[in-house]
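One structure is given below, encoded as structure tokens.
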Amino acid sequence: MITLWRGSCNQWDCDEMGHMNVRVYVEKQVEGLAAFAPSLGMPHAFRANSPSTIIPVDQHIRFVREVLPGRPLTMNGCVLEAGEDDALIYQELRHGDGSLAACMRTRVLHVDTTMRKPFPWSSRTRQAIPDVTDTAPEESAPRSIDMSAPGLPHSEITLDRVKQVGAPLAGRGAVPPQHLDVHGHMYPYWMLGRTSDSVPNILYNWRKKVAESAGDLRMGAAVLEYRLRYHDMPVAGDLYELYTSFGGAQGKTHNLIHWMMNPANGKPWATMQATAITLDLDARKAIPAPPDMIRGLSEMAAPGLEI
Numbered sequence: 036m037i038t039l040w041r042g043s044c045n046q047w048d049c050d051e052m053g054h055m056n057v058r059v060y061v062e063k064q065v066e067g068l069a070a071f072a073p074s075l076g077m078p079h080a081f082r083a084n085s086p087s088t089i090i091p092v093d094q095h096i097r098f099v100r101e102v103l104p105g106r107p108l109t110m111n112g113c114v115l116e117a118g119e120d121d122a123l124i125y126q127e128l129r130h131g132d133g134s135l136a137a138c139m140r141t142r143v144l145h146v147d148t149t150m151r152k153p154f155p156w157s158s159r160t161r162q163a164i165p166d167v168t169d170t171a172p173e174e175s176a177p178r179s180i181d182m183s184a185p186g187l188p189h190s191e192i193t194l195d196r197v198k199q200v201g202a203p204l205a206g207r208g209a210v211p212p213q214h215l216d217v218h219g220h221m222y223p224y225w226m227l228g229r230t231s232d233s234v235p236n237i238l239y240n241w242r243k244k245v246a247e248s249a250g251d252l253r254m255g256a257a258v259l260e261y262r263l264r265y266h267d268m269p270v271a272g273d274l275y276e277l278y279t280s281f282g283g284a285q286g287k288t289h290n291l292i293h294w295m296m297n298p299a300n301g302k303p304w305a306t307m308q309a310t311a312i313t314l315d316l317d318a319r320k321a322i323p324a325p326p327d328m329i330r331g332l333s334e335m336a337a338p339g340l341e342i
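Counting from 36, one number per residue, gives the positions in the sequence shown under the working numbering.
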């Protein structure tokens, strides 16, 4: 395990609940990946003139402890496994006292920057990988999301499927140039950020009713785990539509499936699975939803979409 990044978050990194927004975790993860690239024998991977780079295709994020403004953070990382043209990268954020704040497992592909087609690692990278390969701590293991599940085939993730299911439109917009990386594609963290910004259109009033049913508590929301499958990366001017589907509930948590779609061709930009809670902002504890409200959620966000 090597240190990839050290710093803290500021008030602009935080959401209305006072802790670091989910988008910012992936922003730090991408920065940590760029810092990791030289150790993989790819010092130019995240520069504009690089012939090749590494991109995420499947990612798991677990949020363990809140990150508050001004608190020290350290990111460590390693390779967990590697194939001919891909690798599973582990990254973790730890608080100043050493406790785990969040952990990320990201399946990356080695691609050319022109056509975004995968091709084998260079001999230099193959030689470097054993030196940065390690194991992840047990406390970082996925809990509510099965990362071994293959996910839907790309051909089955369509706007026609959305219409059949009846999943509601949570968000819509266009990709601005300031959200692009040096190779001209949308940063992964903005895909998550746009999703996070869209979900209240479906869930805000529902969460408010959950908090009222528990004694008119001060209400927020928190995601405990995410799985993100990146199918394609938009460029400036591309449109997106975000659809949300109920994925089931267990205990105090509920699962949501989000599809970020390209309305121009009906194909996916990304699909996501989130394990979330309604949060008591004062006690910083989950507020359980009564069964009738879970039924209400399934009516608002029609089930049927899958990651």
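Where a beta carbon is used, it is the ideal one built from N, C-alpha and C, also for glycine. From a predicted model like this one, the values you see are computed outputs, not experimental measurements.
Residue range of the beta strand (DSSP E) that residue i falls in?
{"i": "L144", "result": "L135 to D147"}
{"i": "R161", "result": "First-last for R161: S158 to A163, but that is the alpha helix (DSSP H), not the beta strand (DSSP E)."}
{"i": "G283", "result": "L274 to Q285"}
{"i": "I329", "result": "That residue, I329, is in no beta strand (DSSP E); its alpha helix (DSSP H) goes P326 to M335."}
{"i": "Q126", "result": "D121 to H130"}
{"i": "G42", "result": "I37 to G42"}
{"i": "A321", "result": "K320 to I322"}
{"i": "A205", "result": "L204 to A209"}
At which residues does the alpha helix (DSSP H) containing residue i begin and terminate?
{"i": "V61", "result": "V57 to F71"}
{"i": "E116", "result": "Run containing E116: none in the alpha helix (DSSP H); it sits in the beta strand (DSSP E), L108 to A117."}
{"i": "W241", "result": "P235 to S248"}
{"i": "L252", "result": "That residue, L252, is in no alpha helix (DSSP H); it is neither H nor E in DSSP."}
{"i": "K198", "result": "L194 to V200"}
Name the DSSP bridge partner or partners of residue i?
{"i": "V258", "result": "A311"}
{"i": "Q94", "result": "T141 and L263"}
{"i": "M296", "result": "E276 and P303"}
{"i": "P153", "result": "V146"}
{"i": "N290", "result": "T310"}
{"i": "M221", "result": "L215"}
{"i": "S87", "result": "D147"}
{"i": "T168", "result": "V114"}
I believe residue i touches residue j by the beta-carbon criterion, under 8 Å. Please report the beta-carbon distance rounded to the nearest angstrom.
{"i": "C113", "j": "I37", "result": "7 Å"}
{"i": "H343", "j": "E101", "result": "A question about residue 343 goes unanswered here, because the residues of the chain that appear run from 36 up to 342."}
{"i": "I237", "j": "T279", "result": "5 Å"}
{"i": "R142", "j": "D121", "result": "6 Å"}
Can a CB atom of chain C be found closer than 8 Å to the CB of residue i?
{"i": "G201", "result": "Among the protein chains of the structure shown there is no chain C, as only one such chain exists."}
Are the segment 54-66 and the segment 222-239 touching by the rule of at least three beta carbon pairs closer than 8 Å?
-> yes
Are three or more beta carbon pairs between the segment 176-183 and the segment 245-264 nearer than 8 Å?
-> yes
Indicate whether the contact test is met: 3 or more Cβ pairs, each with one atom in the segment 187-194 and one in the segment 135-150, closer than 8 Å.
-> no
Say whether the segment 76-85 touches the segment 131-143, bearing in mind that this needs 3 or more beta-carbon pairs closer than 8 Å, one atom from each stretch.
-> no
Inspect the CB distances between the segment 328-342 and the segment 78-98 and report whether three or more fall short of 8 Å.
-> no
So, do the segment 235-250 and the segment 307-327 have three or more beta carbon pairs nearer to each other than 8 Å?
-> yes
Stretch pair the segment 153-169 + the segment 200-207: three plus CB contacts closer than 8 Å | no
Does the segment 207-221 come within contact of the segment 280-288, defined as at least 3 CB pairs closer than 8 Å?
-> no
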